[in-house]
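Read the structure below first, then the notes.
Numbering (UniProt numbering), first residue to last: 1 to 159.
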């Protein structure tokens, strides 16, 4: 009996949270300006769980919490720059989907270019070695090498 009461209480509490959250979401959605600001800011921030999605595109629990936090700051009247500064202060430049170019984030910006250059140089080196190997392999035999090869073939194939 006590288990049933506990279960009913837990379900009631959970449904209250869900309805309260839905009411809060509906209240924010009633303000189209705030919702547009939320969407714009959400597209500028990276989901720290997914890492390859914005918090606007992610359904991760942290992304939902960050959107809720942004909604609260919008409701409190903070500007977009204040909200972004708060997120950067809290999570670092990595939270920005397009981090600024500075010493710490230089590897994020230059990394793909460096990897491409390393790949091009490695491919060039490989192709040069391969061209040398092919040139050596295609070189015709000298007269002495031809006689030795002929002798070896005749020796291996007694008729």
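Just so it is clear, CB atoms sit at the ideal spot from N, CA and C, and this is done for glycine as well.
Alpha carbon of residue i to alpha carbon of residue j, nearest angstrom
| i | j | result |
| --- | --- | --- |
| residue 44 | residue 113 | 23 Å |
| residue 92 | residue 56 | 19 Å |
| residue 81 | residue 128 | 53 Å |
| residue 35 | residue 77 | 13 Å |
| residue 136 | residue 116 | 30 Å |
| residue 27 | residue 108 | Because residue 27 sits at a pLDDT of 49, beneath the cut-off of 50, its placement in the model cannot be relied upon, and the following sentence gives the value as read from the coordinates. Cα to Cα, residue 27 sits roughly 39 Å from residue 108. |
| residue 31 | residue 64 | 19 Å |
| residue 85 | residue 66 | 14 Å |
| residue 124 | residue 38 | 48 Å |
| residue 60 | residue 52 | 12 Å |
| residue 103 | residue 49 | 24 Å |
| residue 139 | residue 149 | 15 Å |
| residue 83 | residue 106 | 24 Å |
| residue 42 | residue 100 | 17 Å |
| residue 119 | residue 87 | 36 Å |
| residue 94 | residue 70 | 17 Å |
| residue 89 | residue 3 | 45 Å |
| residue 98 | residue 46 | 9 Å |
| residue 96 | residue 40 | 12 Å |
| residue 33 | residue 62 | 24 Å |
| residue 151 | residue 131 | 31 Å |
Problem set entry | Segments of 4+ residues assigned as alpha helix (DSSP H) that fall wholly inside the UniProt domain "CcmH/CycL/Ccl2/NrfF N-terminal" (13-153) | 32-44, 61-75, 80-91 and 106-137
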